[in-house]
Amino acid sequence: DARELTDAWVAAFGLWNGFAWSHDVLSSRVMNWLRCGDLLFGKADDSADSEHLKKRKARFKCLLRQARFLQRSLPIAPAGSVRLRAAVAVALTGLCLPGQDAMLKAGLEALEHNVKTQILPDGGHVSRSPRAGAEALVDLVTLLKTAASRGVMIPNEISRAVDRLAPMARFFQMSDGGLASFHGGGEFDREALEAAMSFNDTGSKPFGFAPHSGYHR
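In terms of this note's numbering, the sequence shown opens at residue 109 and continues consecutively.
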């Protein structure tokens with residue numbers, strides 16, 4: 109099952125691997141492990157044997173090792189959407205794991221800086237890729253929802269970025285629900301996109317011109 113696959117990965121690559129620990133792959137994996145938190149790290153029942161407990165502890169330690177590596181290496185992560193997602197992964201880990209306030213602070217500070225430099229005033233991503241903007245929207249909404257469930261305040265700059273990203277995702281959405289394919293981006297995950305846009309659905313009238321991103325619908 110998923111735990112066995114994760115345990116096999118930890119045994120093979122848990123200490124280091126050039127590809128598996130690259131910032132883009134690593135940040136996505138950390139976020140996905142956190143999404144599966146109950147399955148991978150949940151408290152064991154009374155019938156769990158020592159081997160089960162040992163593996164659960166190894167998964168947790170490996171997750172924390174990966175997140176700390178991301179935290180230390182954020183300044184040298186590739187600029188653009190990779191660095192933004194890495195910052196989200198660090199902040200999300202700080203929210204989800206106990207006693208990681210310093211990690212949360214570091215992630216939020218890096219994220220606040222990156223949304224300022226990467227999310228344009230009209231809601232487009234600086235790369236002009238619709239998919240990059242959609243990925244940023246889904247990641248930031250995930251962070252905001254988790255913070256709300258924990259009663260943690262998130263910097264206004266981050267929530268304001270979501271306010272701009274959501275209408276821009278709607279701007280790029282085609283009649284079938286997918287995104288227009290520009291600048292290396294594809295249709296994206298329709299369900300994830302709809303869920304993220306509904307988080308910030310103000311009912312405002314769609315716009316047809318994005319001056320900062322350079323698109324006219």
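A virtual CB, placed ideally from N, CA and C, is assigned to each residue, including glycine.
Please read all numbers here as calculations on a predicted model, not as lab measurements.
Subject >> Beta-carbon separation (whole angstroms), L252 vs S267, contact threshold 8 Å >> reply: Locating residue 252 in the sequence shown gives position 144, where the first residue counts as 1. Locating residue 267 in the sequence shown gives position 159, where the first residue counts as 1. The C-beta distance from L252 to S267 rounds to 6 Å, short enough to meet the 8 Å contact threshold.
Subject >> Cut-off 8 Å between Cβ atoms - residues of its own chain near E159, not counting five sequence neighbours on either side >> reply: Within the sequence shown, the letter at position 51 stands for residue 159. Around E159: no qualifying Cβ.
Subject >> Rounded straight-line distance, which links the Cα of V138 to that of A194 >> reply: Taking the sequence shown and counting its residues from 1, one reaches residue 194 at position 86. Taking the sequence shown and counting its residues from 1, one reaches residue 138 at position 30. A straight line joining the alpha-carbon of A194 with that of V138 spans about 9 Å.
Subject >> Buried versus exposed call for K163 [16 or more other C-beta atoms within 10 Å across all chains shown] >> reply: As a position in the sequence shown, residue 163 is number 55, starting the count at 1. K163 counts as buried, since at least 16 other C-beta atoms from the protein chains shown sit within 10 angstroms of its C-beta.
Original post:
Along the chain, where does the alpha helix (DSSP H) that runs through D247 open and close?
Top reply: Your numbering for residue 247 matches position 139 in the sequence shown. Start and end: P238 to R258.
**OP:** Measure the C-alpha to C-alpha separation of L248 and I262 and round it to an integer number of angstroms.
**Re:** Taking the sequence shown and counting its residues from 1, one reaches residue 248 at position 140. Taking the sequence shown and counting its residues from 1, one reaches residue 262 at position 154. In this model, L248 and I262 are separated by some 10 Å (Cα to Cα).
Original post:
In three-state terms, what does DSSP make of F296?
Top reply: The residue you call residue 296 lines up with position 188 of the sequence shown. For F296, the three-state secondary structure derived from DSSP is coil.
**OP:** Would you be able to state if there are at least three C-beta pairs under 8 Å between the region 178–185 and the region 209–218?
**Re:** Enough Cβ pairs lie closer than 8 Å, so yes.
**OP:** With a cut-off of 8 Å on the beta carbons, I'd call L287 and P238 a contact; round off their distance for me.
**Re:** Within the sequence shown, the letter at position 179 stands for residue 287. Within the sequence shown, the letter at position 130 stands for residue 238. The C-beta distance from L287 to P238 rounds to 5 Å, short enough to meet the 8 Å contact threshold.
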